[in-house]
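Asker:
2 protein chains.
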Amino acid sequence: MEGLRLPRTQRRQQILAAAAQAFAETGFHGTSLADVATRVGVSQPGLLHHYPNKQALILAVLEERDEEDSRHLEETFREADPSVVDWLMALCEKNATQPELVQLFTVTAAESLDPAHPAHEFFQRRYRRIRQAVATRVELDQQKGRIDPTLVPTDLASELIALMDGLQLQWLMRPPVDMCAILRRRLERLTAAAGVAARQGGARSDA
Amino acid sequence: MEGLRLPRTQRRQQILAAAAQAFAETGFHGTSLADVATRVGVSQPGLLHHYPNKQALILAVLEERDEEDSRHLEETFREADPSVVDWLMALCEKNATQPELVQLFTVTAAESLDPAHPAHEFFQRRYRRIRQAVATRVELDQQKGRIDPTLVPTDLASELIALMDGLQLQWLMRPPVDMCAILRRRLERLTAAAGVAARQGGARSDA
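In the order they appear, the protein sequences are chains A and B. The opening position of the first sequence corresponds to residue 1 in the numbering used here, with each subsequent residue numbered one higher. The opening position of the second sequence corresponds to residue 208 in the numbering used here, with each subsequent residue numbered one higher.
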């Protein structure tokens, strides 16, 4: 097969892309290694040479995409000090360009609620990590007077992550919802409210 | 089999409950009619007598639960005129008592993004219907001065539904997030903001 001559890294990238698409369409349980091998155009032993089983394959897909997102955020805000608004909008706008990957995470996060799912612990760790990262940005914004300081950072983080996850689901459905526009308006109201609260001498308005 | 002596309606309820659990755990593609039959303790032909295929079974489970939610809301607010806060909190508190059903809807909504999924159209119709129902309540609340009238009702509806969906996902993960407490605080800030806006002569604060 022509494809077998590809360098190792390139072949793995090709496998991960095909696997991402398969898992997004039919979920973990509904996808077989044979499906993925067919999409890539390699034999099943050829696929197993790179990833020994379906579990290793889905974890590799998920970890690779998270690392890619981290690199993107780091490059976008290299020297800057982004607010939580900048930070979440950068993620949203990146997501808006890759519906198949957003679908992969939406489907796999839901499926992984089953404790027997191979990505169960991955998603638990991921949600804890993301909530902490957003809460840290919220705290910085509160110190700078950009967000009402009476709000609990971890609760607001849970709320904003939930909003993004839920908007992604609606956006992926047809007709799609403009997730980034709705998210931006919500975030702008959040920071505008901090200004209102400050002008009222600390009375909480909203956020 | 002892079970075969159950009246038809009771047997169907038993099948729907077992199917809900199976679909929530392993998704549509990962669940077989044989799994469901085993959970109920009937033969596969016995199951097919009630539901001719897996597609009919999952649609019956989903429709039955939505009808049950509608009945619950109607009974809760029979003579009253609930605000969108009352209405969404009643749904949230009902959901908080039935994690396995919330998981079923979370998993199936995500899976159904695949156009080939049997519940694809069901969820598209369902999201349109729910968004319209929430937008209608938002408009009524705006007319009564409970919500900032400058907000677009369908956008706010998308935002609140997204928030509920996303909080459900975090709540179903361990350690769980207190979804109804976070939702209530968000909704209370939404209505408090209408009061702030009104006192400021219509200046938008938040919502």
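Where is the CB? At the ideal position from N, CA and C, for every residue including glycine.
Using beta-carbon positions only, say whether residue 341/B and residue 317/B come within less than 7 Å of one another.
Answerer: Result no, Cβ atoms of residue 341/B and residue 317/B do not sit closer than 7 Å.
Asker: Which residue from 400/B, 394/B, 249/B, 401/B puts its Cα closest to that of residue 295/B?
Answerer: Cα-wise, what sits closest to residue 295/B is 394/B.
Asker: Counting Cβ pairs, one atom from each stretch, are 3 or more of them under 8 Å apart for the segment 93-107 of chain A and the segment 343-359 of chain B?
Answerer: Verdict: no, contact absent.
Asker: Using a Cβ-Cβ distance under 7 Å, would residue 186/A count as near chain B?
Answerer: Yes, its Cβ sits closer than 7 Å to a Cβ of chain B.
Asker: Mind checking the segment 32-51 of chain A against chain B and listing, in chain order, the residues whose C-beta falls within less than 7 Å of any C-beta there?
Answerer: Hits within the stretch: zero.
Asker: Can you tell me which of the three DSSP states residue 58/A falls into?
Answerer: Note: residue 58/A maps to helix in three-state DSSP.
Asker: Does the segment 331-348 of chain B come into contact with the segment 281-295 of chain B, if we say contact requires no fewer than three beta-carbon pairs (one atom in each stretch) closer than 8 Å?
Answerer: Yes: the two stretches touch, three or more of their Cβ pairs being nearer than 8 Å.
Asker: Would you mind giving the Cβ-Cβ distance between residue 310/B and residue 379/B, rounded to the nearest angstrom? I have them listed as a contact below 8 Å.
Answerer: 6 Å between Cβ atoms; contact.
Asker: Compare the C-beta of residue 370/B with all C-beta atoms of chain A and state if any pair is closer than 7 Å.
Answerer: Closer than 7 Å to some Cβ of chain A, the Cβ of residue 370/B qualifies, so yes.
Asker: For my contact list, residue 127/A and residue 331/B are in at a C-beta cut-off of 8 Å; report their separation, rounded to the angstrom.
Answerer: Wrong, their Cβ atoms sit about 27 Å apart, outside the cutoff.
Asker: Taking the straight line between their C-alpha atoms, what separation do you get for residue 183/A and residue 369/B?
Answerer: If I take the Cα positions, the gap works out to 10 Å.
Asker: By Cβ distance below 6 Å, which residues in the same chain neighbour residue 208/B in space, the five residues on each side in sequence not counted?
Answerer: Any answer about residue 208/B is weak, because its pLDDT of 48 lies below 50 and its placement is not dependable; what the coordinates show is given next. Around residue 208/B: no qualifying Cβ.
Asker: Taking only beta-carbon positions, decide if residue 195/A is within less than 7 Å of chain B.
Answerer: False, the Cβ-Cβ gap to chain B never drops below 7 Å.
Asker: Whole angstroms is fine: what's the gap from residue 385/B's alpha carbon to residue 373/B's?
Answerer: Using only the alpha carbons, I get a separation of about 12 Å.
Asker: Check whether the Cβ atoms of residue 226/B and residue 243/B sit closer than 7 Å, and answer yes or no.
Answerer: Taking 7 Å as the Cβ cut-off, residue 226/B and residue 243/B qualify as a contacting pair.
Asker: Taking 7 Å as the CB-CB cut-off, is residue 96/A touching chain B?
Answerer: Not an interface residue.
Asker: List, in chain order, every chain B residue whose beta-carbon is nearer than 8 Å to that of residue 109/A.
Answerer: 317, 376, listed in chain order.
Asker: Can you name, in chain order, every residue of its own chain whose Cβ lies under 7 Å from the Cβ of residue 375/B, other than the five neighbours on each side?
Answerer: Excluding residues within five positions, the ones whose Cβ falls inside 7 Å are 302, 309, 313, 386.
Asker: What residue from 33/A, 26/A, 152/A has the CA that sits closest to residue 238/B's CA?
Answerer: It is 26/A.
Asker: Leaving out the 5 sequence neighbours to the left and right, which residues in its chain are closer than 7 Å to residue 34/A when beta-carbon positions are compared?
Answerer: Here the set comprises 44.
Asker: Exposed or buried, what is residue 153/A when buried is set at 16 or more other beta-carbons lying within 10 Å of its beta-carbon?
Answerer: Label assigned to residue 153/A: buried.
Asker: In angstroms with no decimal places, state the Cα-to-Cα distance between residue 155/A and residue 367/B.
Answerer: Each residue's alpha carbon lies about 16 Å from the other.
Asker: Closer than 8 Å by beta-carbon distance: list the chain C residues that pair up with residue 172/A, in chain order.
Answerer: The structure shown has no chain C; the protein chains it does contain are A and B.
Asker: Is there a C-beta anywhere in chain B that falls below 7 Å from the one on residue 136/A?
Answerer: No, no contact with chain B.
Asker: What residue range is occupied by the uninterrupted alpha helix (DSSP H) comprising residue 334/B?
Answerer: Run containing residue 334/B: 327-350, per the alpha helix (DSSP H) assignment.
Asker: Residue range of the alpha helix (DSSP H) that residue 315/B falls in?
Answerer: Note, residue 315/B: alpha helix (DSSP H), 306-318.
Asker: Quick one: which unbroken alpha helix (DSSP H) runs of 4-plus residues sit fully inside the segment 16-45 of chain A? Chain order, please.
Answerer: Qualifying alpha helix (DSSP H) stretches, in chain order: 33-40.
Asker: Cα-Cα, which of 254/B, 298/B, 371/B, 221/B is closest to residue 274/B?
Answerer: Cα-wise, what sits closest to residue 274/B is 298/B.
Asker: Run down chain A in chain order and give the residues with a C-beta less than 7 Å from the C-beta of residue 232/B.
Answerer: 114, listed in chain order.
Asker: Please list the partners that residue 389/B has in chain A, where partner means a Cβ-to-Cβ separation under 7 Å.
Answerer: 155, 158, 159, listed in chain order.
Asker: Is there a Cβ of chain A sitting closer than 7 Å to that of residue 409/B, yes or no?
Answerer: At residue 409/B the pLDDT is 47, less than 50, meaning the model places this residue with poor confidence; the figure from the coordinates comes in the next sentence. No, residue 409/B does not count as interfacial toward chain A.
Asker: Give me the chain A residues within the contact set of residue 416/B, using Cβ-Cβ distance strictly less than 8 Å, ordered along the chain.
Answerer: This structure leaves residue 416/B out entirely; chain B is present only between 208 and 414.
Asker: Determine the direct distance from the alpha carbon of residue 329/B to that of residue 29/A, and round the result to whole angstroms.
Answerer: Straight-line Cα distance between these residues: approximately 22 Å.
Asker: Go ahead and label residue 71/A buried or exposed: buried means 16 or more other beta carbons lie within 10 angstroms of its beta carbon, across all protein chains shown.
Answerer: When all chains shown are included, residue 71/A counts as exposed.
Asker: For chain B, find out if any of its Cβ atoms is closer than 7 Å to the Cβ of residue 124/A; answer yes or no.
Answerer: Taking Cβ atoms only, chain B reaches closer than 7 Å to residue 124/A, which makes this a yes.
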